[in-house]
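Report on the following structure.
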Amino acid sequence: MKVMKFGGTSVGKPERMFQVRDLISRDNEPTIVVLSALSGTTNALVAIGDAMSSGNKTKAEELIDHLHAHYKTFLAELLKSDRIRSKALGIIQEHFDFLRIILRISFNDALNKDILAQGELMSTKMFSCYLEELGQSHVLLPALDFMSIDANDEPQVADIRLKLNKLLEQHKGVQTFITQGYICRNAKGEVDNLKRGGSDYSASLIAAAINASVCEIWTDIDGMHNNDPRVVAVTRPVEHLSFDEAAELAYFGAKILHPASIWPAQQFKIPVKLLNTMQPEAKGTVILEHADSDGVKAVAAKDGIVMVKIKSSRMLLAYGFLRKIFEVFEKYRTPIDMITTSEVAVSVTIDSITHLDAISKELAPLGELEIISNQTIIAVVGNRLTHEGGLLQKLFTSLADLQVNMVSYGGSLHNISILVPTEHKNAALKSLNKGIFGLD
Ligand code: ADP
Ligand code: ASP
Ligand code: MG
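Residues in the sequence shown are numbered from 0 upward in steps of one, following numbering that gives the first Met the number 0.
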């Protein structure tokens with residue numbers, strides 16, 4: 000059994016859904032098809048939630064009407080038969096009625112999660128109607144019946160495995176299953192989600208749960224590129240990555256993959272392929288356990304980073320100082336990405352400012368604090384990087400004209416991290432493209 004996940008652009012137009020149906024029908028292997036919301040929908044739902052939370056009901060209503068009109072046009076093009084089209088219009092109507100009902104009740108975070116879930120619920124039901132029109136047998140598996148996270152927002156892998164396999168047992172012999180990416184239930188049993196871009200994570204968790212032969216992530220680009228194509232003009236796809244390399248790239252900002260989406264597949268050694276719906280014959284990227292070669296494969300950038308610097312002469316020749324610092328971050332469940340130390344100072348980076356005030360208060364007695372916001376981590380990712388002669392020279396020459404606030408080297412064989420002010424990010428990615436990959 001395999002998993003095929005299609006992202007927002009891959010289902011964002013009726014003709015793309017036609018293509019998705021061709022792609023899922025190419026071989027006889029039973030498949031779980033994981034769909035995202037139509038492109039633009041989750042952004043629109045976020046805007047609707049924002050309007051409601053700020054009490055602007057008129058704005059929320061306008062946004063709902065606009066989105067509803069888009070879905071009606073979409074269905075008019077997707078479905079030919081009057082019977083199925085009116086069935087689909089009825090289903091969509093129910094979801095928009097739900098959004099309009101929420102308008103009238105007092106808004107809270109749980110309701111917001113319900114709003115955000117509508118995109119994937121609608122896309123899967125619309126695709127199911129399309130398959131029904133074609134007479135293609137399939138089963139719609141509600142993700143809310145098996146996908147769950149615990150009180151720390153971590154997926155409940157064992158539970159997911161149990162519930163999903165039980166559901167599959169009930170449909171022996173079925174070739175095609177359709178399910179929603181992104182959405183899940185939380186520890187309270189409420190509707191929740193796996194954070195933006197979370198359909199990749201759903202796909203990987205499902206692949207792990209069923210020991211899939213492969214987890215295919217179909218998107219709008221032919222695989223993981225060596226650099227961020229949104230920033231750099233010339234990039235090229237990377238054919239092979241190891242799980243470690245892919246996980247580092249995803250975590251450090253390569254948007255093609257949700258930051259946490261690699262580990263479930265990695266844990267169960269399930270190959271992951273990144274493929275292009277618009278160019279299905281392109282090789283894309285294959286992600287396997289071992290790297291196929293040494294050296295740098297790609298660079299990625301993660302914004303929204305804050306650097307916290309703690310300076311203290313008491314650190315000199317003292318032990319236990321680092322432990323005290325780390326305990327503060329641990330207490331506030333705030334992960335640290337980069338660390339550098341000197342004899343009298345420690346700098347760390349964090350990507351969540353939720354508890355920054357409390358953290359700062361607790362760190363203050365330990366030394367002089369400096370908080371520097373608007374930073375970006377540039378991650379240079381590959382295999383056995385410390386073995387590559389001349390790499391540091393290339394890196395530093397490429398970044399010679401830019402401000403570099405931290406460098407983390409040697410922590411892993413797969414990653415060299417460099418902290419730059421976000422205003423220098425684009426320039427850094429461009430000059431690394433030339434300096435490391437020889438691309439202009
Ligand atoms: P989907 O909706 O299919 O999940 P996403 O928009 O989440 O697609 O991810 C695909 C996008 O990721 C690409 O269109 C590209 O702009 C962006 N991206 C950022 N960094 C990379 C990279 N290193 N390689 C490929 N794509 C990247
Ligand atoms: N629809 C969700 C989002 O836009 C999840 C996803 O597409 O992966 O973030
Ligand atoms: Mg995505």
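Note that the Cβ used here is the ideal one computed from N, Cα and C, for glycine as well.
Bear in mind the structure is a predicted one, so any value in this text is a computation, not a measurement.
Asked                                                                                                                                                                  : Found
Is G381 helix, strand or coil when you go by DSSP?                                                                                                                     : strand
Between I304 and T348, which are expected to be in contact by the criterion C-beta below 8 Å, what is the C-beta distance as a whole number of angstroms?              : 5 Å
Kindly indicate which residue of Q392, V307, S341 has the alpha-carbon position closest to the one of D350.                                                            : V307
Would you kindly work out how many angstroms separate the C-alpha atoms of H354 and V345, rounded to a whole number?                                                   : 19 Å
By a C-beta neighbour count over all protein chains shown, 10 Å radius and 16 as the cutoff for buried, is I31 buried or exposed?                                      : buried
Candidates D64, G48, Q174: which alpha carbon is nearest S136's?                                                                                                       : Q174
G434 and S407 look like a contact to me (Cβ under 8 Å); what is the Cβ gap, rounded to whole Å?                                                                        : Not a contact, Cβ separation roughly 19 Å.
Go to R184, then tell me how far its beta strand (DSSP E) extends in each direction, as first and last residue.                                                        : 182-184
Is G381 buried or exposed, if buried means 16 or more other CB atoms sit within 10 Å of its CB?                                                                        : buried
Out of Q155, L368, I159, Q179, which has the shortest C-alpha to C-alpha gap to S312?                                                                                  : L368
Where does H423 land, buried or exposed, given buried means 16+ other C-beta within 10 angstroms?                                                                      : buried
Three Cβ pairs or more, each shorter than 8 Å: is that satisfied between the stretch 76-87 and the stretch 156-165?                                                    : no
From the DSSP output, read off the bridge partner residues of K308.                                                                                                    : S346, E369
Evaluate E449 with the Cβ neighbour count: other Cβ atoms within 10 Å of its Cβ, from every protein chain shown; 16 or more gives buried, anything less gives exposed. : This structure cannot speak to residue 449, because the chain is shown only from 0 to 439.
Quick one: does the C-beta of N226 sit closer than 7 Å to a heavy atom of the ligand ADP?                                                                              : yes
Do you know offhand how far L110's Cα is from I101's?                                                                                                                  : 7 Å
Can you grab the Cα-Cα spacing for the pair D113 / T123, in whole Å?                                                                                                   : 16 Å
Only counting runs of 3 or more residues, tell me where the beta strand (DSSP E) segments fall wholly within the stretch 15-39, in order along the chain.              : 30-34
Taking S9 and V19 to be in contact with their CB atoms under 8 Å, please state how far apart those CB atoms are, rounded to whole angstroms.                           : 6 Å
If you draw a straight line from the C-alpha of G188 to the C-alpha of T340, how long is it?                                                                           : 43 Å
Taking only three categories from DSSP, how would you classify P141?                                                                                                   : coil
Along the chain, where does the alpha helix (DSSP H) that runs through F97 open and close?                                                                             : 81-103
May I ask whether a heavy atom of the ligand MG can be found less than 7 Å away from the beta carbon of G118?                                                          : no
Taking only runs of the alpha helix (DSSP H) that begin and end inside the stretch 388-422, which ones reach a length of at least 4 residues, in chain order?          : 390-397
Go through its chain and collect everything with a Cβ distance to A264's Cβ below 8 Å, but skip five positions before and after it.                                    : S203, A206, A207, C214, F242, P270, V271, I286
Compute the Euclidean distance between the alpha carbons of L428 and E387, then round it to the nearest angstrom.                                                      : 20 Å
Cα-Cα, which of D96, R332, L431 is closest to V295?                                                                                                                    : L431
State the DSSP-derived secondary structure class of L240, mapped to helix, strand or coil.                                                                             : strand
How many whole angstroms separate the CB atoms of S375 and A300, which I take to be in contact at a CB cut-off of 8 Å?                                                 : Sequence check: residue 375 is Thr here, not Ser. With 8 Å as the limit, T375 and A300 qualify as a contact, their Cβ atoms being about 5 Å apart.
Can you list, in chain order, the stretches of the beta strand (DSSP E) that have 3 or more residues and sit fully within the stretch 211-270?                         : 214-218, 239-241
Excluding five sequence neighbours on each side, which residues of the same chain lie with their C-beta closer than 6 Å to the C-beta of I170?                         : According to the sequence displayed, residue 170 carries His and not Ile. Contacts found: V138.
Whose CA, out of I358, A232, V403, G366, lies closest to the CA of G437?                                                                                               : A232
Buried or exposed: R229, going by 16 or more other Cβ atoms within 10 Å of its Cβ?                                                                                     : exposed
Taking 7 Å as the cut-off, does the CB of G252 come closer than this to any heavy atom belonging to the ligand ASP?                                                    : no
Any residue with its Cβ nearer than 6 Å to a heavy atom of the ligand MG should be included. What is that list in chain order?                                         : G6, G196, D199
Can you tell me whether N275 is helix, strand or coil according to DSSP?                                                                                               : strand
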